[in-house]
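4 protein chains.
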Amino acid sequence: MLSFACDYLEGAHEKVLQRLTETNREQLPGYGDDIYCQRAAEKIRTACQCENADVHLLVGGTQTNQVVIDSLLAGYQGVIAADTGHISVHEAGAIEFTGHKVLALPQTDGKLAAETLQNYLKTFWADESCEHMVIPGMVYISYPTEYGTLYNKAELQALSDVCHAYHMPLYLDGARLGYGLAAQEDMTLADIAALCDVFYIGGTKVGALCGEAVVFTHGNTPPHFLTSIKQHGALLAKRRLVGVQFDALFTDDLYMEISRHAIQMARRLKTMLREKGYGFFLDSPTNQQFVILTREQKERLEKAVGFSVWALHPDGSAVVRFATSWATTDEQLDMLEKML
Amino acid sequence: MLSFACDYLEGAHEKVLQRLTETNREQLPGYGDDIYCQRAAEKIRTACQCENADVHLLVGGTQTNQVVIDSLLAGYQGVIAADTGHISVHEAGAIEFTGHKVLALPQTDGKLAAETLQNYLKTFWADESCEHMVIPGMVYISYPTEYGTLYNKAELQALSDVCHAYHMPLYLDGARLGYGLAAQEDMTLADIAALCDVFYIGGTKVGALCGEAVVFTHGNTPPHFLTSIKQHGALLAKRRLVGVQFDALFTDDLYMEISRHAIQMARRLKTMLREKGYGFFLDSPTNQQFVILTREQKERLEKAVGFSVWALHPDGSAVVRFATSWATTDEQLDMLEKML
Amino acid sequence: MLSFACDYLEGAHEKVLQRLTETNREQLPGYGDDIYCQRAAEKIRTACQCENADVHLLVGGTQTNQVVIDSLLAGYQGVIAADTGHISVHEAGAIEFTGHKVLALPQTDGKLAAETLQNYLKTFWADESCEHMVIPGMVYISYPTEYGTLYNKAELQALSDVCHAYHMPLYLDGARLGYGLAAQEDMTLADIAALCDVFYIGGTKVGALCGEAVVFTHGNTPPHFLTSIKQHGALLAKRRLVGVQFDALFTDDLYMEISRHAIQMARRLKTMLREKGYGFFLDSPTNQQFVILTREQKERLEKAVGFSVWALHPDGSAVVRFATSWATTDEQLDMLEKML
Amino acid sequence: MLSFACDYLEGAHEKVLQRLTETNREQLPGYGDDIYCQRAAEKIRTACQCENADVHLLVGGTQTNQVVIDSLLAGYQGVIAADTGHISVHEAGAIEFTGHKVLALPQTDGKLAAETLQNYLKTFWADESCEHMVIPGMVYISYPTEYGTLYNKAELQALSDVCHAYHMPLYLDGARLGYGLAAQEDMTLADIAALCDVFYIGGTKVGALCGEAVVFTHGNTPPHFLTSIKQHGALLAKRRLVGVQFDALFTDDLYMEISRHAIQMARRLKTMLREKGYGFFLDSPTNQQFVILTREQKERLEKAVGFSVWALHPDGSAVVRFATSWATTDEQLDMLEKML
C-alpha cells in the first residue's frame, strides 16, 4: 500500500547505494580511520564553510542526541528543550538514561523562543535555591522542529545570543536538516554552523540507509569523544558504512538536491490537500504536513494510503502526518490525489 | 535572629536526644541489625496497623526518594509526579541521575488529581508510538504537598484506584507526614498504609536529627534492598542513629504529639497573619504558610525575622514561606506578632 | 596494502548487498515491523531449532552487549565474565556506563571454566557480607573467545548447569559465532540455543555491513524490550537494513557457508605460518591467529601487510593477530605467503 | 556480648554528643550554611596546614567515595584502585552505579605500589587500542588500607608523583585516617594534605555518630559541588549534625587524642594475642588486627566475644578481624584476655 507515513520508508538514494557497492571490497581500517570518513568530513567542512569544524559519523538520531548531550554536559547539568522536542517526548528517556534531566520549556508550533529561554534562565539564576535544582547546561533545538516548522535566521541568532550570554552551547538536531534548508531561502548550512556550537546533519531521513553527521563547529569536540561514542554503544566497526554514504551525499550537492526535491513534493502535497478542502493543524513549510481528518475521512483514507496518527480525538477525528522525502515521486502523489 | 524559614532549623526533640545519649555506649551491630532498628520497625508496623509492612531506615528525603523510586522502577520506566513535586523540581535531578524520567503532570495547589492521572495514562497507552516513550511505572505524591496542602481520603483512594488499575505502585513522600496527619481529622497513618504501596515517615522535619522511615506496606520490599541502599550510598554503618530516633518518636505517640503541636502553632501563626491583614498565596492547613508580602513588608520583615522566598515578582512583592515545627514555641510567635 | 588486521575490513558479502539493492525502493514500516525483519527472525528460529525463540536485530556488538546485559540485570546486579572478556576490557566501560559492574574472573586461553564459576558463586553466597557486594546476576561468555578459542559442548553444558543452579541466565556473545561453529564439528546453532538463555549471532564480522541478531531462546525477552533498545540509542529507524541482511545470510545456509570459507582460509594461514617457522601465542582453531613475531619479523612484515598488535614486549617482539574472514581469498594468502 | 567485630559498635564520643546537646535548640540555616560547619572547616584547614583547602561534610564512607569520584571523573573515565580497595569490593558497586569502572590493580597487603601504577599507565597509553578502553582518570587509595596497613611517606610521595605525571588526582579514603596517623610517627595530616588532591577524614569510625569530612586540598572543588551532593542524595538538611561533630572532634586535638587511644588499645590487643600464641594473617600497625583461628579456636571464641570473619577455609579455620576503636576500654581488653 502506498504510504506517506514517514520519511524513512525506503532504503537509500541510488547514488548512495552505488557508492556502497563500488567500495564494497576495499580493505579499510575500522572505527572511522578510513578515507571515506575523512572525505565525508572534509566535504561537510567545506559545505559548512567552517574550516575548524570536527565531523563525527554516528548511526541514528536518538543515539546521536544521547552521545552529544551526555558528552557536553557536566554530571549535574540538564539540557533545555522545547516540551515538544524529540528528546523530551519520543526518545524513550534516552537522555535521562545518561543521568541528565531534560528541562522542558513551553513552545509555539514546536519552536522555543529566545525570550522564553531568557526568562527561564534569568529566573533560575535569581532563585535562592537554584543550587538545589538541575543546572541548565546546554540548549537543544530541532530544525525543522517536530512540527515541521523552522526558525528564521533572526530567531536562531537570538537563541544563539542567549545561549552564549549564559555560556551554554547551542545544539541543533538536524534529523531533517536538508528539508529545512531547502524550504527556507535565507538559511544555509554555513549559517547553521555559524550560529550553533554543535549540530547534526541527518542522513537516515535524507537519502541514507542510516547515519548522522555530527558537526562541532569550532574545534569543541569533547576530549576522548571516540571513547565516549564506544561507551555509549554507538561506534560502528565498519564506520565506512556511514562514511561512504555521507561522502556520496556531499558530492555534487546531492544532499541539497534531493532535499529540494522532497520540498517540491511537499508543496504539491500541501496544495493538493488544501484544494481538496482538508484543514491543517499548523502551517508547515517542510516535508511533514499535519492534516486534520474527520472520522469519515480518516476511515476512508486509511484503507488506501499510509499516514501516521499524531493525535486522536474522542470524536474520531484526528491530526495525522503525511510526509514526503527524497524518495517521493510525482506518480505517488498522482495516486494519492485520486484517493483524497 | 528568630526564624520561621523552614522546619529543620533546630536539632532533635529532647526525648530523641535523650535516647541517643542513653544508648550511646551500647555495643550494637551495624547496618540495621540492632535492637533499636527492630523496635522502631515494630512500633511503626503497629502504628500503621499493618502487620506485613517492611520498615527500612534511611537518612534524608532526597536520598529516600532516589533509593525507593530507582529500586521499584524497571530500567525503561519513569515516575509520574505533579510538576510541583519535590522530585520534579528541588532534588537536583536525583531521579534522573538514576536513569529515570520524572513524568510531570499538571496539578492544583500541589495536588495531582486522579482524573489527571487517569487521562494521562489512557492517552499514553492509546498512543500508537507509546513504545517510543518512557513507560510510566509508578506514581509519586507528597503529603502534605510542597504547598502544604493535603489530599483527603477520597482523593487518595481515587489515586490509589487508578494506580492499581494500571498495575503501578503508589508512593507517598511523607517528609512532613506527621504535620499532615495532625492537620486532617479523617486521615490516619493506617489509612496511608492501606492506600499506598510504599511511603515514608519523615523524621528530619518532625523531631529527629536526621532519618526517614520507609514503609513497604505489603511485603513488597524489592529483592536485595539492603544492597540497593548501599549501592546508592545510603547505608549508614551506625544505622542505630536512625533506629534509636524512630524508636523514641514512636514511643508514647511522641511523633503525633509533636506534630499536633506544630499544627497548633501554625494555626496561631495563620490567624495572626490574617488578622494583621496579610494575604495568602493559597490556603494551607499544615505547618507551611505561603504569604504574599508587598515590597515594603518584605523589606521591613526580613530585617527582623527569617522566612524563605518562594517567588519574587518584578515589582518587589513576593510569595514567602513561614513554617512552624515541633520546635516552635508560643514565645517565638509572640515575638513575631510584635514584628508583623 | 593487503591486510589481515581484523575481520571487518571489507563491506558485505555480495549476496547481502544484492538483496539491499533489490529491496531498496520498497516502502516498509520502520523500527522492525517490516517483512524482512520478520523473515530473518523466522529463518533464525528454524536454524536454531527453537520455535519459541525471540529474535531482535541490533546494529553492533558493544551496543548489543550493553542493551542485553542492562535489560536482563536488576539494578543491584553485575555480570560475571572472564577477565579477558570483551566487555571486561575493550568496550570502553559500556556495561559500567549502565550502572552494572563486570565481575571479572580468571580464565584460561580466554575461556571461563565452570569450576571457576562455581567456586566464585559458592564463596560469594557463603560470605557473611555478600549483601555489601555486587550481586552476580548473569554470566557472559564469548564464543569464539577473544583469543579465538572455543568451548566444547561439555564445557558449555557445565557452564549452563552452574548458571541455572544459581538461577542466572547464560549469555553468549557470538560476534564471530559462524567462525566458531564452522571450526567445531560437534557444535551447532541448535546446541548454542539449547544451552544458552540468550546469545547473539554476529553479522558485522560475518558477511554483513553491520548488524547483530539477538536470540532469546525461550520466550524470555525482557518486557518492553523495544523501549529499552530505543532508550539505549540502539533502535534503527530503518531496521530493515539489518533485517534484509540477516534474511540474506540465513537463506540457503549462506551464513555457515561463508563461515566455513573463512575457517578454510584460517587453516591455510595457520599451516603457512607454522611451516615458515612462526610461533603461536596459543592454539586457535578459528579465524583469528595469534602469532609471536620477533622484532625483526615485525619490522619487516608491517611494511608489507596489515596485522594488529596484541602485546608489545620491551625487547620489540610482539604477539600479533592475523584474521581471515568471509572475504579472504586464496590470492590474498598467496601474496602473504611470499612475504613471510 | 562483648564485641571487637568492628570500629562502629558504639555511638559517639561523649564530647561530641555533649556539643550536639548544647547546640540542639539553636536555630541554624540548613544545608551547611551554619556556623558549626564553617568552624569545622576552619579547624580542619588549620589542622591540615592548608589555607586553600575546601572542606565538605558528608554522611558516610561509601556515599563520600561515590560523590567525590563521580564528581571528579569525566564520563568516559574510570578510577584506579587496589583490587582489595573498599570501592572495588565492599561498596555494592556504588562507583559503577554512577557509570564509572573501577580499574582494579594488584596489591600487596592492601597497598597499591607506585611501580604497579606506573607500569599500568605506561602500558595503557602505549596500547594502540587504548581509546576502546576505559580511560584512567584518578587514583583511589585507602589509608589505612582495608587490611590495616599503611603507606609510608615515601610510598605516598611516589604514588602522588605518578598521579601528577599523568595529570590525575590522587584521592585518599581516610575512613580510619586518625588510626593511621596515630600509628605512624612520620606522617601528619599536613603530609596527607600536601600529597593528595582530595581525601576524607573519617568520622563514623573515629568518634562520631556519622559523618566524613572531604578535603579538596588546593581549591579544586568541582563546580556546583553542592548540587552534585544533592543529586547523589547525600545532602543533609540538618548538615549541622555533621558540622557540630567535626567542630568538636577538631577542638583541642580530640580527633587525634581518641585515635591514639585506639592504637594503644590495638597494641595491647596485638601483644595479648601474640603472647597467647595466635597467628596473624599479616602485620597490621593500626586498629584492625587480622588473626588466624583454628576451627577449635573459632568455635570456642565466637561463643564469648564478637569478631568478624574475613575468610573461612574449608577446614574450618578462618581469618578473623578484631578491631579496637576510640571506645575500647582496658576493661574490655581485660575481659578478652581471659577468654583467649
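Residue numbers (my numbering), protein chains in the order written: chain U, 90 to 429; chain E, 90 to 429; chain W, 90 to 429; chain L, 90 to 429.
Where is the CB? At the ideal position from N, CA and C, for every residue including glycine.
Keep in mind that this is a model prediction, so the values were computed, not measured.
Quiz prompt | Local conformation of L161(L) per DSSP, three classes | solution = helix
Quiz item: Is any beta-carbon of chain U found at less than 8 Å from that of H221(E)?
Solution: yes
Quiz item: Where do the ends of the beta strand (DSSP E) carrying R265(E) lie?
Solution: Counting along the chain, R265(E) falls outside any beta strand (DSSP E), and DSSP gives it neither H nor E.
Quiz item: Going along the chain, which residues of its own chain have a beta-carbon closer than 7 Å to the beta-carbon of L358(W), five neighbours each way excluded?
Solution: Q378, F411, T413, L422
Exercise. Evaluate Q138(L) with the Cβ neighbour count: other Cβ atoms within 10 Å of its Cβ, from every protein chain shown; 16 or more gives buried, anything less gives exposed.
Key: exposed
Quiz item: Cα-Cα, which of Q320(E), T187(E), L147(E), L161(E) is closest to A264(E)?
Solution: L147(E)
Quiz item: Identify the residues that DSSP records as bridge partners of P225(L): which are they?
Solution: G167(L)
Quiz item: The alpha helix (DSSP H) spanning R349(E) covers which residue range?
Solution: 343-364
Quiz item: Taking the continuous alpha helix (DSSP H) assigned at A412(E), which residues delimit it?
Solution: That residue, A412(E), is in no alpha helix (DSSP H); its beta strand (DSSP E) goes 407-412.
Practice problem: May I have the straight-line CA-CA distance separating T316(E) from E115(E), to the nearest angstrom? | Solution: 26 Å
Quiz item: Whose Cβ in chain E lies nearer than 8 Å to the Cβ of H321(U)?
Solution: In chain order: nothing, as chain E lies at least about 13 Å away.
Practice problem: Determine which residues share a DSSP beta bridge with A193(W) and list them. | Solution: A170(W)
Self-check item: Three-way DSSP call (helix, strand, coil) for D216(U) in this model
Solution: coil
Quiz item: Tell me which same chain residues have a C-beta within less than 6 Å of the C-beta of S406(U), skipping the five on either side of it?
Solution: T383, R384
Exercise. Enumerate in chain order the residues of its own chain whose CB-to-CB distance from M90(U) is below 8 Å, with the five nearest sequence positions on each side excluded.
Key: A393, V394, G395
Quiz item: In three-state DSSP terms, what is E140(L)?
Solution: coil
Quiz item: Relative to the alpha-carbon of G267(W), which residue among I169(W), V295(W), G366(W) has its alpha-carbon at the smallest distance?
Solution: V295(W)
Practice problem: Spatial neighbours of K327(E) within its chain, please: CB distance less than 7 Å, with the 5 preceding and 5 following residues excluded, ordered by chain position. | Solution: G119
Quiz item: At which residues does the beta strand (DSSP E) containing L382(U) begin and terminate?
Solution: 377-382
Quiz item: When you check each C-beta in the stretch 108-127 of chain L against every C-beta of chain U, which residues fall closer than 9 Å?
Solution: Y120
Quiz item: From this set, Q155(W), K190(W), V380(W), N376(W), which residue's C-alpha is nearest H321(W)'s C-alpha?
Solution: Q155(W)
Quiz prompt | Close Cβ partners of D216(W) (< 8 Å) along its chain, the five nearest in sequence each way excluded | solution = M222
Practice problem: Let me know the secondary structure DSSP gives E388(W) once reduced to three states. | Solution: helix
Self-check item: Those residues which DSSP pairs with E301(W) across a bridge
Solution: L147(W), G291(W)
Exercise. Classify G332(L) as buried or exposed, calling it buried when 16 or more other Cβ atoms lie within 10 Å of its own Cβ.
Key: buried
Quiz item: In three-state DSSP terms, what is Y260(E)?
Solution: strand
Quiz item: Given 8 Å as the limit, is there contact between the stretch 331-349 of chain W and the stretch 96-107 of chain W, that is, 3 or more CB pairs closer than that?
Solution: yes
Quiz item: From T360(E) to Y236(U), what does the alpha carbon distance come to, in whole angstroms?
Solution: 52 Å
Exercise. Consult DSSP for K432(W) and reduce its assignment to one of helix, strand or coil.
Key: Past the edges of chain W, shown from 90 to 429, lies residue 432(W), and the structure says nothing about it.
Quiz item: What's the gap between the Cα of V251(L) and the Cα of A170(W)?
Solution: 30 Å
Exercise. Quick one: give me the first and last residue of the beta strand (DSSP E) that S397(U) is part of.
Key: 397-401
Quiz item: What in chain U is Cβ-close to I224(L), meaning under 7 Å?
Solution: H313, T316
Quiz item: Thinking C-alpha only, which one of L259(E), G269(E), L278(E), H313(E) is nearest Q353(E)?
Solution: G269(E)
Quiz prompt | Three or more C-beta pairs below 8 Å linking the stretch 284-294 of chain L and the stretch 238-258 of chain L | solution = yes
Self-check item: Which residues DSSP lists as bridging G368(E), in chain order
Solution: I381(E)
Quiz prompt | CB contact check: Y344(W) to chain U, cutoff 8 Å | solution = no
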